[in-house]
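Enquirer:
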Amino acid sequence: MLNEMYTLSNGVEIPKLGLGTWMIDDERVVQVVKDALDLGYRHIDTAESYRNEKGVGRGIKESGVDRKKIFVTTKLEGDIKNYGEAVKAIDESLERLNMDYIDLMIIHSPQPWANFRDGNHYFEGNLEAWRALEEAYEAGKLRAIGVSNFEQVDLENLIHNGKVKPMVNQILAHITNVPSDVIEYSQSQNIVVEAYSPIAHGAILDHPVVKKMAEKYEVSPAQLSIRYVIQLDTVALPKSISKDHMKDNAAVDFTISEEDMKTLNELPLIETYGDDQIMPVFSSQYKNK
3 MLNEMYTLSN
13 GVEIPKLGLG
23 TWMIDDERVV
33 QVVKDALDLG
43 YRHIDTAESY
53 RNEKGVGRGI
63 KESGVDRKKI
73 FVTTKLEGDI
83 KNYGEAVKAI
93 DESLERLNMD
103 YIDLMIIHSP
113 QPWANFRDGN
123 HYFEGNLEAW
133 RALEEAYEAG
143 KLRAIGVSNF
153 EQVDLENLIH
163 NGKVKPMVNQ
173 ILAHITNVPS
183 DVIEYSQSQN
193 IVVEAYSPIA
203 HGAILDHPVV
213 KKMAEKYEVS
223 PAQLSIRYVI
233 QLDTVALPKS
243 ISKDHMKDNA
253 AVDFTISEED
263 MKTLNELPLI
273 ETYGDDQIMP
283 VFSSQYKNK
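In structure tokens, the structure reads:
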């Protein structure tokens, strides 16, 4: 699985499986990244708001793996909705990562985090931020550009009013929570979808149906969950600080049957994300439910 790729609309290849680094601090992430690269991971996902870009860059440099063989994603802070701040933030991410280019940079959220999913789509502000990404892409600072947490209307704003179509849409997707409309629209526009928190930040691991089905395939609930989002034709971005867990997360070379995929597709949303439910991306799932 670590060698399998999708191809973005501009021809750039992106590994189907990556390592998420949310909530791993700047010092600890250095060894985490080195461990992942040692296991064969070649896709590392970070963000300005994770406050660990410097550590990710250090881990990559100290790993000894050729930089050209590693796909690095970072994210423009969701609160940035103007051109000038976006230009500055792109250069600052490059500086913190200590890299000449970033493989993929995406707008982290269509809304500032304090206003996530409040009904305001910030169309003008997102176009301003997008213009900065477009220019950095054209200048060769970024190999690809995209978005995260964007709904169809947010994507349409960039598609119809920008110069470059988004190449990626990174969204929350896991068993019991699959925004099929956004996935289908994105893929219809040749936008690769990435699934972050594919194991629901751990909240899916004790789900009785998931546990039983995992036993059937002789895999762990985490492996079933990662394989599930890959079979939705999305990039899987599980987070782990354990080298053993990273190794297990990559051992997903099995196939979930169509019947079992249908069963998983029809499961109702999990009742809680536990302690992480205070995060906007998780709490928003329960609005209008």
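Every letter in the sequence shown is one number past the one before it in my numbering, and letter 238, counting from 1, is 240.
Positions of the beta carbon are idealized from the N, C-alpha and C atoms, including for glycine.
Confirm, please, whether the CB-CB distance from Ala-205 to Gln-2 is below 8 Å.
Expert: Since the first and last residues shown for the chain are 3 and 291, residue 2 lies out of range.
Enquirer: Candidates Leu-234, Pro-200, Asn-122, Leu-129: which alpha carbon is nearest Glu-87's?
Expert: Along the sequence shown, read from residue 1 onward, the residue named residue 87 stands at position 85. Looking at Leu-234, Pro-200, Asn-122, Leu-129, the one whose alpha-carbon comes closest to that of Glu-87 is Leu-129.
Enquirer: Rounded to whole angstroms, what's the CA-CA distance from Gly-121 to Lys-218? Just pull it up for me.
Expert: Here residue 121 corresponds to residue number 119 of the sequence shown, with the count starting at 1. Here residue 218 corresponds to residue number 216 of the sequence shown, with the count starting at 1. For Gly-121 and Lys-218, the distance between alpha carbons rounds to 42 Å.
Enquirer: Taking DSSP as the reference, what is the three-state secondary structure of Ala-146?
Expert: The count along the sequence shown starts at 1 and reaches residue 146 at position 144. In this structure, DSSP gives Ala-146 a state outside helix and strand, which the three-state scheme calls coil.
Enquirer: For Tyr-85, which of helix, strand or coil comes out of DSSP?
Expert: For the purposes of this step, residue 85 is taken as the residue at position 83 of the sequence shown. Looking at Tyr-85 - three-state DSSP - the assignment turns out to be helix.
Enquirer: Between which two residues does the beta strand (DSSP E) containing Thr-274 stretch?
Expert: Residue 274 sits at position 272 when you count from the first residue of the sequence shown. Taken as a continuous stretch (DSSP letters only), Thr-274 belongs to no beta strand (DSSP E), as it is neither H nor E.
Enquirer: Rounded to the nearest angstrom, what separates Arg-145 and Glu-137 at their Cα positions?
Expert: Within the sequence shown, residue 145 is the residue found at index 143, counting from 1. Within the sequence shown, residue 137 is the residue found at index 135, counting from 1. The straight-line gap from Cα to Cα measures roughly 11 Å.
Enquirer: Do you know whose CA, among Ile-232, Thr-265, Met-281, lies nearest Thr-257's CA?
Expert: Walking along the sequence shown from the start, residue 257 turns up at place 255. Looking at the Cα atoms, Ile-232 is the closest of the given residues.
Enquirer: Go ahead and pull the three-state DSSP assignment for Leu-207.
Expert: Counting from 1 along the sequence shown, the entry for residue 207 is found at position 205. In the structure shown, Leu-207 sits in coil (DSSP, three-state: anything other than H, G, I, E or B).
Enquirer: Would you kindly work out how many angstroms separate the C-alpha atoms of Val-58 and Val-31, rounded to a whole number?
Expert: Along the sequence shown, read from residue 1 onward, the residue named residue 58 stands at position 56. Along the sequence shown, read from residue 1 onward, the residue named residue 31 stands at position 29. So the two alpha carbons sit approximately 6 Å from each other.
Enquirer: Please state whether DSSP places Glu-196 in a helix, a strand or coil.
Expert: Taking the sequence shown and counting its residues from 1, one reaches residue 196 at position 194. Glu-196 falls in the strand class under three-state DSSP.
Enquirer: Which class does Phe-73 belong to by DSSP, given the choice of helix, strand or coil?
Expert: Mapped onto the sequence shown, residue 73 falls at position 71. In the structure shown, Phe-73 sits in a strand (DSSP, three-state: E or B).
Enquirer: For the alpha helix (DSSP H) containing Tyr-230, name the first residue and the last one.
Expert: Numbered from 1 along the sequence shown, position 228 holds the residue referred to as residue 230. Looking at the DSSP string, the run of the alpha helix (DSSP H) that includes Tyr-230 is 223-232.
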